[in-house]
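Student:
In our numbering, the protein residues as written are 83 to 232.
1. Of all the alpha helix (DSSP H) runs that stay within the bounds of the region 138-195, which reach a length of 4 or more residues?
2. Which value, in whole angstroms, describes the spacing of the CA atoms of residue 141 and residue 147?
3. Let me confirm a value: residue 96 is counted as buried when at least 16 other C-beta atoms fall within 10 Å, else exposed. Which label applies?
4. Can you name the start and end residues of the alpha helix (DSSP H) that residue 234 belongs to?
5. Using only the alpha-carbon positions, how far apart do residue 125 and residue 104 sit?
6. Rounding to the nearest angstrom, what Cα-Cα distance links residue 131 and residue 228 in this structure?
Written as structure tokens, this is what we have:
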């Protein structure tokens with residue numbers, strides 16, 4: 083299975099994307115600003131092809147195991163990134179909550195020059211099992227590309 087992140091808009095400090103799994107739109111994602119020089123926990127993931135894996139040892143696992151006891155098996159990690167580690171797809175609403183990771187949501191707002199996403203927990207609950215399937219598949223790929231629309 084394959085997943086794809088397509089970046090569609092930039093704010094002053096934020097980047098809005100769309101997540102697709104097997105070519106089907108799933109939800110919006112929010113990242114930090116795209117930067118030529120990485121600033122720890124404040125920079126969007128570089129364009130490219132990576133893999134997804136299930137991370138059961140990172141720090142967010144205990145929190146998510148408690149929040150989502152019925153389905154959490156580990157954090158969905160984007161693996162193989164240059165100069166990045168522990169990059170998870172997780173919940174949150176604005177660029178200050180990303181820590182360099184994509185946040186998921188069912189909608190978005192544009193406030194004071196930056197994007198925010200809404201209904202993040204709902205989106206996470208919907209996409210987690212699908213991303214888990216991608217991470218556990220033989221072809222556990224995710225690609226990230228810029229295709230700005232607005």
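For every residue, glycine included, the Cβ atom is placed at its ideal position computed from N, Cα and C.
Tutor: On the basis of the data shown:
1. Taking only runs of at least 4 residues, the alpha helix (DSSP H) segments lying wholly in the region 138-195 are 143-149.
2. Looking at the two C-alpha atoms, the distance is approximately 11 Å.
3. Of the other Cβ atoms in all chains shown, 16 or more fall within 10 Å of the Cβ of residue 96; this residue is therefore buried.
4. Given a span of 83 to 232 for the chain in the structure shown, any question on residue 234 remains unanswerable.
5. If you take the alpha carbons of residue 125 and residue 104, they lie about 26 Å apart.
6. Spanning the two alpha carbons is a distance of roughly 12 Å.
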